[in-house]
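Participant: Here you go, one structure.
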Amino acid sequence: MSRFFLALISTAVLFSPVSADEKSEKAPDKFRVKVTTSKGDFIIEVTREWAPLGADRFHELVKKEFYKEARFFRVLPGFVAQFGMHADPKIHSQWVNKKIKDDPKVAGVSNKKGYLTYAHAGPGTRTTQLFINYGDNARLDDLGFPPFGRVIKGMEVVEAINAEYRQDPDQGQIRSKGNAYLKENFPNLDYIKEMKIVKE
Numbered sequence: 008m009s010r011f012f013l014a015l016i017s018t019a020v021l022f023s024p025v026s027a028d029e030k031s032e033k034a035p036d037k038f039r040v041k042v043t044t045s046k047g048d049f050i051i052e053v054t055r056e057w058a059p060l061g062a063d064r065f066h067e068l069v070k071k072e073f074y075k076e077a078r079f080f081r082v083l084p085g086f087v088a089q090f091g092m093h094a095d096p097k098i099h100s101q102w103v104n105k106k107i108k109d110d111p112k113v114a115g116v117s118n119k120k121g122y123l124t125y126a127h128a129g130p131g132t133r134t135t136q137l138f139i140n141y142g143d144n145a146r147l148d149d150l151g152f153p154p155f156g157r158v159i160k161g162m163e164v165v166e167a168i169n170a171e172y173r174q175d176p177d178q179g180q181i182r183s184k185g186n187a188y189l190k191e192n193f194p195n196l197d198y199i200k201e202m203k204i205v206k207e
């Protein structure tokens with residue numbers, strides 16, 4: 008599992024130079040997002056105090072429909088399901104350098120099963136990529152991976168996401184070609200049809 012962990016750190020934001028930190032509009036203290044996928048629906052509840060900057064960015068991206076048609080391009084049973092690269096490389100390129108500062112670790116909040124966290128390539132490099140934990144990944148807690156939400160309904164859908172390609176999709180190719188590359192080479196990847204903010 009160690010090589011999977013290293014990949015999570017080193018390949019989340021490929022070839023993107025460091026840039027000025029970006030800020031998003033403040034999100035509500037708590038909000039829920041319904042995620043409609045090719046496998047079914049699940050609901051995420053975000054708690055802003057866990058990771059304020061991460062929650063703000065996610066709220067912004069959901070409102071902008073950034074994740075529509077995004078593929079779950081890295082799915083490792085027992086570890087994570089990762090997504091967050093835009094279907095259109097032109098749009099994705101607008102976000103790769105919009106990095107946000109790190110959120111500090113919050114006591115009692117851990118990378119447990121069903122918790123949602125940003126993938127990154129080192130300190131200060133979070134942008135749009137996310138992963139949902141498939142198990143207890145507490146070893147990530149002290150390494151700059153603070154969760155900001157959790158799946159509160161439909162975890163069985165998350166666990167059913169197609170894992171046949173594991174981490175074979177190349178992020179450099181996704182970045183340059185978008186879904187055209189994924190559809191041609193990994194046609195069975197599950198994907199997000201829609202994300203929308205819903206009432207509790």
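With the numbering used here, letter number 119 in the sequence shown gets 126, and the count goes up by one each step, no holes. We put the CB at the ideal spot given by N, CA and C, even for glycine.
What runs of the beta strand (DSSP E), each 3 residues or longer, lie entirely inside the region 64-133?
Facilitator: Qualifying beta strand (DSSP E) stretches, in chain order: 81-83, 87-90, 122-125.
Participant: Measuring only the C-alpha atoms, how far is E166 from K112?
Facilitator: It is roughly 26 Å from the alpha-carbon of E166 to the alpha-carbon of K112.
Participant: Taking all protein chains shown into account, do 16 or more other C-beta atoms lie within 10 angstroms of the C-beta of K97, making it buried, or fewer, making it exposed?
Facilitator: exposed
Participant: Using only the alpha-carbon positions, how far apart do P35 and I107 sit?
Facilitator: 18 Å
Participant: Decide if the region 143-152 is in contact with the region 187-195; the criterion is three or more beta carbon pairs, one per stretch, under 8 Å apart.
Facilitator: no
Participant: For G179, which three-state DSSP category applies?
Facilitator: helix
Participant: Tell me the rounded alpha-carbon separation between P176 and Y198.
Facilitator: 14 Å
Participant: If I'm right that L60 touches D110 with Cβ under 8 Å, what's the distance once you round it to whole angstroms?
Facilitator: 5 Å
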